[in-house]
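Numbering (our numbering), first residue to last: 266 to 740.
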Amino acid sequence: MATIDYDQKIPNNVNLSGDARLQRALEAWQPKFLDWWKELGPADSGGYDCYLRTAVSVEPSGWAHFDYVKMPDYRWGIFLAPAEEGRLINFGAHKGAPAWQDVPGEYRSELRRLIVTQGDTEPASVEQQRHLGKTAPSLYDLRNLYQVNVEEGRHLWAMVYLLQAHFGRDGREEAEAMLERHSGDPDKPRILQAFNEPIDDWLSFHFFTYFQDRDGKFQLAALAESGFDPLSRTCRFMLTEEAHHLFVGESGITRIVQRSCEIMKENNLSDPADVRKHGGIDLPTLQKWLNFHFSICLDLFGQELSTNAATYYTMGIKGRYEETKIDDDHVLDGASYKVPEIQGSKIVDVDEPALNAINQRLRDEYYTDSQRGVDNWNKMIAQHGIGFELVLPNRAFHRNIGPFAKVKASPDGKIITEAEWDQSQGGWLPTPEDRAFVESLMHAVTEPGKFANYIAPPARGINRQPLDFEYVKFH
Ligand SMILES: [Fe+2]
Ligand SMILES: [Fe+2]
Numbered sequence: 266m267a268t269i270d271y272d273q274k275i276p277n278n279v280n281l282s283g284d285a286r287l288q289r290a291l292e293a294w295q296p297k298f299l300d301w302w303k304e305l306g307p308a309d310s311g312g313y314d315c316y317l318r319t320a321v322s323v324e325p326s327g328w329a330h331f332d333y334v335k336m337p338d339y340r341w342g343i344f345l346a347p348a349e350e351g352r353l354i355n356f357g358a359h360k361g362a363p364a365w366q367d368v369p370g371e372y373r374s375e376l377r378r379l380i381v382t383q384g385d386t387e388p389a390s391v392e393q394q395r396h397l398g399k400t401a402p403s404l405y406d407l408r409n410l411y412q413v414n415v416e417e418g419r420h421l422w423a424m425v426y427l428l429q430a431h432f433g434r435d436g437r438e439e440a441e442a443m444l445e446r447h448s449g450d451p452d453k454p455r456i457l458q459a460f461n462e463p464i465d466d467w468l469s470f471h472f473f474t475y476f477q478d479r480d481g482k483f484q485l486a487a488l489a490e491s492g493f494d495p496l497s498r499t500c501r502f503m504l505t506e507e508a509h510h511l512f513v514g515e516s517g518i519t520r521i522v523q524r525s526c527e528i529m530k531e532n533n534l535s536d537p538a539d540v541r542k543h544g545g546i547d548l549p550t551l552q553k554w555l556n557f558h559f560s561i562c563l564d565l566f567g568q569e570l571s572t573n574a575a576t577y578y579t580m581g582i583k584g585r586y587e588e589t590k591i592d593d594d595h596v597l598d599g600a601s602y603k604v605p606e607i608q609g610s611k612i613v614d615v616d617e618p619a620l621n622a623i624n625q626r627l628r629d630e631y632y633t634d635s636q637r638g639v640d641n642w643n644k645m646i647a648q649h650g651i652g653f654e655l656v657l658p659n660r661a662f663h664r665n666i667g668p669f670a671k672v673k674a675s676p677d678g679k680i681i682t683e684a685e686w687d688q689s690q691g692g693w694l695p696t697p698e699d700r701a702f703v704e705s706l707m708h709a710v711t712e713p714g715k716f717a718n719y720i721a722p723p724a725r726g727i728n729r730q731p732l733d734f735e736y737v738k739f740h
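Shown next as structure tokens:
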């Protein structure tokens, strides 16, 4: 089961040929997916040979195979992590019962909603990033972008498989709708707002893969705990791919920070305007991009207090991050959890039922996880002897969901007036001038081994290839 069958039209390790109805349904969806990819996937890239990894097995050891692939020929397929013998439902009202292999009828609409919401983000990110290929800072970065894009396409396959295999006619309709909603479309937008923002510059791309893909990691990890075993197995394999996306983001920002510091040191600069004149991205501008992406990602975790999240938990269909490692009863009867609340002009943490605070707990864990990379970037800045620290903005800053949506707050968490916000926000979030500056740096660098001036080369190449390897061949 671990080995993937590549002789099929749709590569898979789920014995698709043993289910003629499902195979027909997915084979009917496949050309629509390819049409979507050609229309809204990476722009003008169809003829390029890209050095991509393809999954050949779902075993933890050596599942990747690297070779030149034209992206439209990438073998998108359906790969589930190996089944765990005797797996149980580990939380909620059904704790201790065997995990479900089929959708429990009474939870059908909730499960469908979770799968659709996750699935929708996958093609959305491909659409958001579709023009980045024209301005890649190196062939190495271009290849990483395309790798992320094809894998997000595969993640859509993963969710569409679940819908088609387990939700009958509704599932088929949802699969169609995945290709009908489009990022930023005023009539049929993607479901979550952070996935309707265009990602048109490489600073945004690297923050996106740091912050948005990290949201993906936490959502997938919570779904991997699901008592619905096919969802759990699907998400577990997606998480192994997600790790590379997070690497792209963290190392990408590290390289931009490094280059900014080098430009400052080499030329003895401290004024951000001078860093810009030397073609680097000044650290205050990096902070603005960080503020934007982190704050819109906090919204992705939903309401601070959520009865939906409580319901999903009690049903056993979406757990907490690393559920089985948490030392409690996994039912959360009478348990409490601190949730922020606005009292006058203050933000206060108050005890609320832990069941209603499931979203908040995941957001807190995301916050902690996000901090790690920021600490590393700050270490690098300090090593250059530069007195500047990047900081994650307060959870109240620039929020559109939950109690903080009703107020304005500064990045350090002070509640402020509308007038103060209007006056200060240009110092906190990217302005049109900032965007125009960053855009002015975006030019394709296509000579192997060469990198744009604003980003340092990576420490090493992909799959032990040298940095001047021809990661993408344009012909
Ligand atoms: Fe994904
Ligand atoms: Fe991802």
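Just so it is clear, CB atoms sit at the ideal spot from N, CA and C, and this is done for glycine as well.
Return the CA-CA distance between residue i and residue j, expressed in angstroms with no decimal places.
i	j	result
L397	S635	24 Å
V710	P337	23 Å
T499	Q484	13 Å
G691	P296	45 Å
M266	Y631	Residue placement at M266 is poorly supported in this model, since its pLDDT is 46, which falls under 50; the coordinates are not used for a value here.
A486	G567	16 Å
A489	V368	15 Å
L627	S390	22 Å
N409	L379	28 Å
L565	L457	7 Å
A670	E292	44 Å
D300	I528	44 Å
H543	E531	10 Å
T474	W328	22 Å
E515	L657	14 Å
K335	P402	20 Å
H447	A674	31 Å
F356	G584	7 Å
P731	D406	13 Å
Y333	H431	35 Å
Y736	P722	14 Å
V639	F476	11 Å
D614	Q688	28 Å
W422	A724	33 Å
Tell me, to the nearest whole angstrom, how far the beta carbon of residue i is from that of residue j; I am working on the premise that it is less than 8 Å.
i	j	result
W365	D494	6 Å
N621	S571	6 Å
A308	K453	The pair is not a contact, with the Cβ atoms about 20 Å apart (cut-off 8 Å).
G492	H595	Actually they are not in contact, since the Cβ atoms of G492 and H595 sit about 11 Å apart, beyond 8 Å.
N728	F331	5 Å
T519	M645	7 Å
F460	T386	5 Å
L496	L427	6 Å
Y313	F739	6 Å
A684	R501	With a Cβ gap of about 49 Å, A684 and R501 do not count as contacting.
Going by Cα to Cα distance, which pick from the options is closest to residue i?
i	options	result
E654	G726, H708, G312, Q552	Q552
G306	G567, D450, R395	R395
I623	K603, E392, I612	K603
P363	G351, A717, M503	G351
W294	D406, M443, Y313, A721	M443
A600	R660, K611, E617, E712	E617
E416	P723, E304, L565, Y339	Y339
I582	I354, C315, E304, P347	I354
W216	F662, P668, E704	The question about residue 216 has no answer here: the residues shown for the chain are numbered 266 through 740.
A290	R437, Q273, G342, G384	R437
R524	W302, W328, F716	F716
A348	K274, N278, G311, A701	N278
T579	C562, L597, D593, L504	L597
G714	G726, G650, V703, A701	G726
Q288	D300, T505, Q273	Q273
T633	L428, Y405, R660	R660
L694	W554, G650, G514	W554
S310	I343, A320, Q412	Q412
S610	I651, P668, S282, V656	P668
R373	A619, N280, T576	T576
H708	S322, F298, D465, S282	D465
T319	L281, F356, T268	T268
G342	V613, L404, M503	M503
Y316	G370, N280, L404, K303	L404
E445	E712, D699, E392	E392
D480	S560, G517, E324, P697	S560
Cβ of residue i versus every heavy atom of ligand 4: is any distance shorter than 7 Å?
i	result
G481	Ligands in the displayed structure: ligand 1 and ligand 2; ligand 4 is not one of them.
Query raised in the report: Can you find at least 3 beta carbon pairs, one from the stretch 544-561 and one from the stretch 575-594, that sit closer than 8 Å?
Result: Result no; under three Cβ-Cβ pairs closer than 8 Å.
Query raised in the report: Are the stretch 467-485 and the stretch 534-541 touching, with three or more C-beta to C-beta distances below 8 Å?
Result: Counting C-beta pairs with one atom in each stretch, the stretch 467-485 and the stretch 534-541 have fewer than three that are closer than 8 Å, which means they do not touch.
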